[in-house]
Amino acid sequence: MERTSPGSVTRQEIYQQPETWLETVARVRRAMTGELPPALLTGAGSSAYAAQAVEAGWPGSRAVPSTELFLEFERYLGEQGLVVSLARSGDSPESLAVVRKIQRARPRVRHLALVCNPQGRLAQWPGVEAILLDPRANDQSLAMTSSFTNLVLAGLALARHVEVEEALPQLSRSVQELLPYWEEEAERLAKDPPVRAVALASSALMGAAREACLKILELTGGRVAAMAETYLGLRHGPMSFLDAGTLVICFVSSQPALRRYEVDLVRELRAKGLGKLVALGPGESDLFDVALASPTSELPDWLRTPAEIVFAQLLAWHLSRRFGLDPDNPSPARIITRVVEGVRIYED
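In the working numbering, the protein residues as written are 71 to 418.
Written out as structure tokens, the structure reads:
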């Protein structure tokens, strides 16, 4: 991918996403040999948040970050007969340690891996059934963008391929059409950059909320402190993080029974003069400072993450540029790296 200006690679990787989704889901479909039981879903960093988003659409499954799973895998694995790893590089030390430990202690456990990088160790690991996603999902920039949304869709396709395949063509077209509008709104919000940002979501969209905050943290080099929380959880202490200038991204549920609680919290924030409120999803647009058009208002919450995270990616990109950073490499001092370094794995 040709680099023409600061952030050009990341921006292209954001914009290409709708074009990659259909191929990724087709690859998953070709690899499937039957219905799968509930799984233990795992990954590190953004891949862990992707696993959390998949959990929302895979009944009975559980998402556990590989950074925790490899330390206490017996505690989390239980009687689970299927592990699904999600990975961009396939070279994260913790993800490889998970495979090694489970194969040694539970050799009968089936291990699938959704991987963006065909050259990664996880994709080539003996005994692991690797499913390779659209090659363009293997982001070359530091932050995960295409890889995140493709991993989420791949995981959801494993669990509910019929529903994913039915919704995806229209979803892909809608996101493609909305990209210029979302970018315009993201650029406008970034002109007056916040010191803090909060992403609010109920459980099915919490993977999106956490990933949104991570993108803002990564691409601004920590200049914008970001926190993800549930709507109801915010009242129990975390609301103290907010002031009038805090950017609050609200992933609004498509379920009316949940949305009424979310709207109550938004009304409370407005009454207290807390936050600049940005909405993604259905609801009462007059409650928010910015109510973004969304292609997912009629979709179940578990299927919305791949589309709506795209706005947060664009916002993080523009905040990065506003601070004079290069979104392709917002950490020139190597405080963070594309593939995690410095992890020592102790053999038992």
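Glycine residues also receive a C-beta, built at the ideal position from the N, C-alpha and C atoms. All figures in this text were calculated on a predicted structure; none of them were measured in a lab.
Expected contact under 8 angstroms - CB spacing of residue i and residue j to nearest Å
i    : j    : result
L270 : L304 : 7 angstroms
L203 : A193 : Rounded, the Cβ-Cβ distance is 10 angstroms, inconsistent with contact.
L221 : S117 : 6 angstroms
V234 : L223 : 7 angstroms
Y119 : L238 : The Cβ separation is near 20 angstroms, so there is no contact.
V198 : A183 : 5 angstroms
Q383 : T215 : 5 angstroms
V322 : G351 : 3 angstroms
S165 : S136 : 5 angstroms
L152 : R178 : No, L152 and R178 are not in contact; Cβ-Cβ is about 11 angstroms, not under 8 angstroms.
A279 : A298 : 4 angstroms
L357 : L259 : At roughly 17 angstroms, the Cβ-Cβ gap does not stay under 8 angstroms, so L357 and L259 are not in contact.
R176 : L147 : 7 angstroms
E399 : L212 : The identity of residue 399 in the sequence shown is Asn, whereas the question assumes Glu. Yes, they are in contact, since the Cβ atoms of N399 and L212 sit about 6 angstroms apart, within 8 angstroms.
V456 : P163 : Given that the chain is displayed from residue 71 to residue 418, the structure contains no residue 456 and the question cannot be resolved.
M102 : L228 : 7 angstroms
V265 : V294 : 7 angstroms
W91  : P108 : Rounded, the Cβ-Cβ distance is 24 angstroms, inconsistent with contact.
Q87  : T219 : 5 angstroms
S217 : R158 : 4 angstroms
E255 : L362 : 6 angstroms
Environment of residue i [buried if 16+ CB atoms lie within 10 Å]
i    : result
K261 : exposed
G104 : exposed
R329 : buried
A341 : exposed
D359 : exposed
I172 : buried
R368 : Checking the sequence, you will find Glu at residue 368 rather than Arg. That one is exposed.
E332 : buried
S355 : exposed
G160 : buried
T366 : buried
Q240 : exposed
E83  : buried
G307 : exposed
S364 : buried
R174 : exposed
E53  : Because the chain spans 71 through 418 in this model, residue 53 falls outside it and cannot be assessed.
V272 : What sits at residue 272 in the sequence shown is Ser, not Val. By the neighbour-count rule (16 or more Cβ atoms within 10 Å), S272 is buried.
R145 : exposed
T94  : buried
Any non-hydrogen atom of the ligand ATP within 7 angstroms of residue i CB
i    : result
R243 : This structure lacks the ligand ATP, and indeed carries no ligand of any kind.
Residue(s) in a DSSP beta bridge with residue i
i    : result
M309 : According to DSSP, M309 bridges with nothing at all.
M297 : V268
H181 : V153
E199 : L182
Open item on the list: Quick check for students: name the residue ranges of the alpha helix (DSSP H) that lie wholly in the stretch 312–366, counting only runs of 4 or more.
Closed with: 326–342
TODO: Mind the definition here: the stretch 387–395 touches the stretch 226–245 only if three or more C-beta pairs lie below 8 angstroms; say whether that holds.
DONE: no
TODO: Take every Cβ of the stretch 117–134, pair it with every Cβ of the stretch 366–376, and state whether three or more of those distances are shorter than 8 angstroms.
DONE: yes
Task: Three-pair Cβ contact test at 8 angstroms for the stretch 205–219 versus the stretch 180–189 - done: yes
Open item on the list: Contact between the stretch 392–401 and the stretch 286–295 is defined here as three or more beta-carbon pairs at a separation below 8 angstroms; is this criterion met?
Closed with: yes
- [ ] Check whether the stretch 305–322 touches the stretch 132–146, taking contact to mean three or more Cβ pairs, one atom from each stretch, closer than 8 angstroms.
- [x] no
Open item on the list: Using 8 angstroms as the cut-off, can you tell me whether the stretch 316–325 makes contact with the stretch 345–359, which would need three or more C-beta pairs spanning the two stretches below that distance?
Closed with: yes
Task: Continuous alpha helix (DSSP H) assignments of at least 4 residues falling wholly in the stretch 374–400 - done: 375–392
Task: Runs of alpha helix (DSSP H) lying entirely within the stretch 216–246, each at least 4 residues, in chain order - done: none
Open item on the list: Please give me, in chain order, every unbroken run of the beta strand (DSSP E) with length at least 3 that falls completely inside the stretch 102–142.
Closed with: 110–112
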